[in-house]
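Residue numbers (the numbering used here), protein chains in the order written: chain A, 1 to 500; chain B, 501 to 1000.
Protein chains: 2
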Amino acid sequence: SGLSVLHFQDLLPALDGDLKTMTFLQEVVDILLAYITESFDRETKVIDFHYPNELLQRNNWELQDEPETLDDILISCRATLKYAIKTAHPRYFNQLSTGLDMVGLAADWLTSTANTNMFTYEVAPVFVLLEYVTLKKMREIIGWEDGRGDGIFSPGGAISNMYAMLLARFKMFPEVKEKGMSSVPRLAAFTSEHSHFSIKKGAAALGIGTESVICIKADESGKMIPADLERKILEAKQKGFVPFFVSATAGTTVYGAFDPLIAISDICKKYQVWFHVDGAWGGSLIMSRMHKWKLDGVERSVLKLTWNPHKMMAVPLQCSALLVREEGLMQNCNQMHACYLFQQDKHYDLSYDTGDKALQCGRHVDIFKLWLMWRAKGTIGFEAQIDKCLELSEYLYNKIKDREGYEMVFNGKPQHTNVCFWYLPPGMRYMEDKEEKKKRLHKVAPVIKARMMEYGTTMVSYQPQGDKVNFFRMVISNPAATFEDIDFLIEEIERLGQDL
Amino acid sequence: SGLSVLHFQDLLPALDGDLKTMTFLQEVVDILLAYITESFDRETKVIDFHYPNELLQRNNWELQDEPETLDDILISCRATLKYAIKTAHPRYFNQLSTGLDMVGLAADWLTSTANTNMFTYEVAPVFVLLEYVTLKKMREIIGWEDGRGDGIFSPGGAISNMYAMLLARFKMFPEVKEKGMSSVPRLAAFTSEHSHFSIKKGAAALGIGTESVICIKADESGKMIPADLERKILEAKQKGFVPFFVSATAGTTVYGAFDPLIAISDICKKYQVWFHVDGAWGGSLIMSRMHKWKLDGVERSVLKLTWNPHKMMAVPLQCSALLVREEGLMQNCNQMHACYLFQQDKHYDLSYDTGDKALQCGRHVDIFKLWLMWRAKGTIGFEAQIDKCLELSEYLYNKIKDREGYEMVFNGKPQHTNVCFWYLPPGMRYMEDKEEKKKRLHKVAPVIKARMMEYGTTMVSYQPQGDKVNFFRMVISNPAATFEDIDFLIEEIERLGQDL
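Here it is, written out as structure tokens:
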């Protein structure tokens, strides 16, 4: 293609660089298109796995003083994709974010090409408007009156949750912004023992401290027990702490449990504690008429809700929204009035300069992929996609709950797409010594997982939880998955684990 | 093209969706390629500006229940780009991040296609390795022995600076992680009055409080005055504060000033305060043999350095690195041991599961575009690009410093590409009443800027600073800019401002 004698200087903005640029970019696109087709092909491996030291040696990844040719650059692109995880693969179930949406991908390519920043309307007019339109729509769906409120797209659910805690603290003690935690009594935050680790991470960062995050007991299926919340709020008050923040989870990471939001919100109201819902994983179920009852009470989240469209709605990474009920709160909490960005004498409506309410200065454009996918699917398209994933997970649950060699980690139908189970190899099924059995079972999932990766046939996550030894956590957010892929998964686990 | 009867369900993973997907994505790519060519064309407008309410009405941006056809999706893509800022345009100078690198763009398209997450080697094997390779290279360039140390790519310089402050606090008072700020004495952080607002924003978020950020005086050209730093550290100690953090700036946002790092680091050493360098804007000059003396002393930053390749190195947004000298510190400060991600019984070397040292859980892949551009340019290519921008800015400075109608905001050659100046329209040049002149001059830059945007010919930023009324801050990071574009800018300001 002639690219073997060309270098980056031959591309735009070089004079007469148009044609060479088009050739180069088209070659890259061809590589990407081939990768996409391959990713959806069940005959392809999910991953061509190599250990870190081996992968370091399989290619020259070093950075040099001298430039490479554009042909070399294409070679690097191919090598990178060769060893990448095919996250679009119908049998990739490893994380809460899986799949690759073609409209979302197109939108992300456009976003990269537009290459701008969300801080002001001045530099991102369309994207700022689309964020406005989309956040309003999301608030309407939650059920906040006329879709009123505020919100922001942030770099992931952990940061969204940190925002929520930050806002709750500021709302109760606005002087903390200037004076810091020394002006504030000892605070206490509450969240279930099954909640996401980002609540503790946020508390550590914000100077609240992880010991101020009080863990509330969850029931057998992973839902927060409201009575334990009330008891621990009272206990904290007695010890002189000021309860300021409850983070309920809509869709826990491992079990997919939905905390009872109505009961929790009643307690929050009674003790005047700010009520946040971490719906990073389960928030999207609000788009499903069949499943949204699991989020009943979410509209009472007086302060905010984390909702990650990059998970259950399969929007490309990253796309996480924080929705805030009170207008102006984020602005008051975070603004620093940088006069080089947020000039007050600009010629347009400054309410669209939303950057000062963020913790970030520059902020990546995460909105366009969600917006364009929403246009392509409509609300009903997202609903169908979500319903289908839940249907697949119910299919899996029904198939293994009484199947020989399987044991469910908790009883009853899962509320989200999380299906948590142990696979017991034949030799382990009738062991008498419970402790020995537990010890051996703990090692089964890691070995099967390692074999999955070495064969590259599928990927699913495992972990221990509390006193429960390693179990598989199957989750389905990949719109490419079918009933046949679920069948395959079961057979594959049995094939890879039968000799253990 | 047949797309007018197709919907998203016709695309992959649909059965036989390959061809339709290729057609759709290729159409999108064609739109993007046309936009790219147009963006580099000086005959095109930088922006087709409309006021927010008007832009809301010029297109249907609403989200509906029903899906749209793929043709409609292409129409939305075109509309979005029509009203977008052409950040690649050779005459777009509005922000510190400008330009569009073709290799960086290709890399970002690949990143979107790979659609994965940085938390573990398991799901991002290549990208985790490339982050490792690149951070090591960056540390070598700083001059840390054998490139040892740690680091992370974070969502922007503001978050990188927040990390730095978080690490400094943890290093001095590790109990803060569990016990919060109530276990810590009243802290004081120090930064120059010209530093970036993210230092205060970070202090507010971390529960330190903005009042604990003590502003150090800058000299006439915007550099921190070390004697004032020493005085204020002593003052703070006398008041019972514990000085824990000094953030020096390498390249301030408005003036582009480099704080005297050696003198500051000596003071930090003397008083045992952690020394951070915010090189978000100026850090990249370390890649230039001609300009890196401005960063002399950066290797002494005992703790960390923020360095944003998305600014002066023109890597697509977003790409910000935090480099940390001490190995293990980030991990100790931030880890929460989430057992569903960071299983300790995996089959590969767990030191590559870097996610737990981040504040984020999911983390966008920001490394590939920097890595691929580095391969394409080599270190010497980045150097040439940086040197050229500085050469252009010197050209601008020399051209206007004695030109009729211009006044420089500070004396002497700028250290970075920031050229700060007032343009005085003819009618204002000989005004006797200094106060009246100042008042009128304050209004000149906003009007010229508004006209620039309405004509769409160029964009450059303005702001007041301290007692200085609105002035233009020209910055050059756009590799597409030439001497002719600088000439054009001067003429355009004069054309748009002569009647004021």
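Backbone N, C-alpha and C fix where the C-beta goes; we use that ideal spot for every residue, glycine too.
Whose C-beta lies closer than 6 Å to the C-beta of residue i among residues of the same chain, with five residues either side of it excluded?
i, result
"VAL419 of chain A", "SER393, LEU396, TYR397, MET474"
"ASP150 of chain A", "VAL324, GLU327, MET330"
"SER961 of chain B", "ASN594, ARG973"
"PHE173 of chain A", "VAL184"
"ASP853 of chain B", "THR620, TYR621, PHE842"
"LYS438 of chain A", "VAL469"
"VAL277 of chain A", "ALA248, ALA250, VAL298, SER301, LEU305"
Hey, out of the options, whose CA is closest to residue i's CA?
i, options, result
"VAL273 of chain A", "A:PHE241, A:ASP366, A:ILE286, A:PRO260", "A:PHE241"
"GLU122 of chain A", "B:PRO816, B:GLY647, B:LYS586", "B:LYS586"
"GLN998 of chain B", "B:VAL944, B:THR691, B:GLY709", "B:VAL944"
"TRP293 of chain A", "A:ILE262, A:SER320, A:ASP278, A:LEU305", "A:ILE262"
"ILE490 of chain A", "A:PRO464, A:GLU432, A:THR417, A:LYS399", "A:LYS399"
"PRO625 of chain B", "A:ASN53, A:HIS364, A:LEU110, A:ILE380", "A:ASN53"
"LYS269 of chain A", "A:LEU229, A:ALA203, A:MET290", "A:LEU229"
"PHE868 of chain B", "B:LEU629, B:LEU519, B:GLY517, B:LEU574", "B:LEU629"
"ASP572 of chain B", "B:PHE508, B:LEU555, B:ALA514", "B:PHE508"
"SER721 of chain B", "B:LYS520, B:GLY912, B:LEU519", "B:GLY912"
"LYS217 of chain A", "A:ARG186, A:ALA257, A:GLY202", "A:ALA257"
"ALA376 of chain A", "B:ASN970, B:LEU519, B:GLU568", "B:GLU568"
"ASN59 of chain A", "A:SER39, A:PHE40, A:LEU70, A:THR80", "A:THR80"
"ILE386 of chain A", "A:HIS291, A:ALA236, A:SER265, A:ILE267", "A:HIS291"
"ILE652 of chain B", "B:ASP646, B:VAL633, B:GLU645, B:THR616", "B:VAL633"
"TRP561 of chain B", "A:ALA481, A:LYS346, A:CYS215, A:LYS137", "A:LYS137"
"LEU617 of chain B", "A:ALA84, A:HIS347, A:ARG186, A:GLU140", "Residue identity differs from the one stated: residue 617 of chain B is Asn in this sequence, not Leu. Checked all of A:ALA84, A:HIS347, A:ARG186, A:GLU140; the closest Cα to ASN617 of chain B is A:ALA84."
"ILE733 of chain B", "B:THR753, B:GLY709, B:LEU687", "B:LEU687"
"SER97 of chain A", "A:MET165, A:GLY282, A:LYS82", "A:GLY282"
Tell me the DSSP bridge mates of residue i?
i, result
"MET974 of chain B", "B:VAL919"
"SER247 of chain A", "A:THR191, A:HIS276"
"TYR406 of chain A", "A:TYR423"
"SER461 of chain A", "A:ARG473"
"TRP307 of chain A", "A:GLY279, A:ALA321"
"CYS577 of chain B", "Its beta-bridge partners do not exist; DSSP assigns none."
"GLY651 of chain B", "B:LEU823"
"TYR92 of chain A", "A:MET459"
"PHE758 of chain B", "B:ALA750"
"ALA218 of chain A", "A:MET224"
Am I right that residue i and residue j are in contact with their C-beta atoms under 8 Å? What's the rounded C-beta distance?
i, j, result
"LEU525 of chain B", "LEU370 of chain A", "The Cβ separation is near 19 Å, so there is no contact."
"PRO979 of chain B", "GLY599 of chain B", "5 Å"
"SER820 of chain B", "ASN834 of chain B", "That belief does not hold up - the Cβ atoms of SER820 of chain B and ASN834 of chain B are roughly 17 Å apart, past 8 Å."
"VAL5 of chain A", "MET373 of chain A", "With a Cβ gap of about 41 Å, VAL5 of chain A and MET373 of chain A do not count as contacting."
"ASP608 of chain B", "SER112 of chain A", "4 Å"
"VAL713 of chain B", "ILE699 of chain B", "6 Å"
"CYS361 of chain A", "GLY656 of chain B", "6 Å"
"GLY207 of chain A", "LEU859 of chain B", "With 8 Å as the limit, GLY207 of chain A and LEU859 of chain B do not qualify as a contact, their Cβ atoms being about 13 Å apart."
"LEU574 of chain B", "LEU519 of chain B", "Actually they do not touch by this definition, with Cβ atoms about 17 Å apart."
"MET928 of chain B", "LEU941 of chain B", "6 Å"
"SER692 of chain B", "MET724 of chain B", "4 Å"
"LYS201 of chain A", "MET908 of chain B", "Actually they do not touch by this definition, with Cβ atoms about 47 Å apart."
Who are the near neighbours of residue i in its chain, counting only those whose CB is closer than 7 Å to its CB and skipping five residues on each side?
i, result
"ASP485 of chain A", "PRO90, ARG91"
"ILE993 of chain B", "TYR923, ILE948"
"ASP296 of chain A", "LEU261, ILE262"
"THR21 of chain A", "LEU11, LEU12"
"LYS237 of chain A", "PRO243"
Among residues of its own chain, excluding the 5 on either side of residue i, which ones have a beta-carbon nearer than 8 Å to its beta-carbon?
i, result
"ARG578 of chain B", "ILE531"
"PRO926 of chain B", "GLY905, GLN998"
Worksheet item: Quick one, which residues of the stretch 374-386 of chain A are near chain B if we go by CB-CB under 7 Å, in chain order?
Response: TRP374, ARG375, ALA376, LYS377, GLY378, THR379, ILE380, GLY381
Worksheet item: Name the residues in the stretch 763-777 of chain B whose C-beta lies less than 9 Å from a C-beta of chain C; which are they?
Response: Note that chain C does not occur in the displayed structure, where the protein chains are A and B.
Item to complete: Scan the stretch 454-486 of chain A for residues whose Cβ lies nearer than 9 Å to a Cβ of chain B and list them as they occur along the chain.
Response: GLU454, MET459, SER461, TYR462, GLN463, PRO464, GLN465, ASN470, ARG473, ASN478, PRO479, ALA480, ALA481, THR482
Worksheet item: Quick one, which residues of the stretch 315-333 of chain A are near chain B if we go by CB-CB under 7 Å, in chain order?
Response: PRO316, LEU317, GLN318
Item to complete: Determine which residues of the stretch 669-684 of chain B have a Cβ less than 9 Å from any Cβ of chain A, and write them out in chain order.
Response: ARG669, PHE670, GLU675, VAL676, LYS677, GLU678, LYS679, GLY680, MET681, SER682, SER683, VAL684
Discussion item. At a CB distance below 8 Å, what residues from the stretch 638-658 of chain B approach chain A? Give them in sequence order.
Written reply: PRO655, GLY656, GLY657, ALA658
Item to complete: Please list the residues of the stretch 913-925 of chain B that have a C-beta atom closer than 8 Å to any C-beta atom in chain A, keeping them in chain order.
Response: none
Discussion item. Under 8 Å, CB to CB, which of the residues in the stretch 583-594 of chain B have a partner in chain A?
Written reply: TYR583, ALA584, ILE585, THR587, ALA588, PRO590, ASN594
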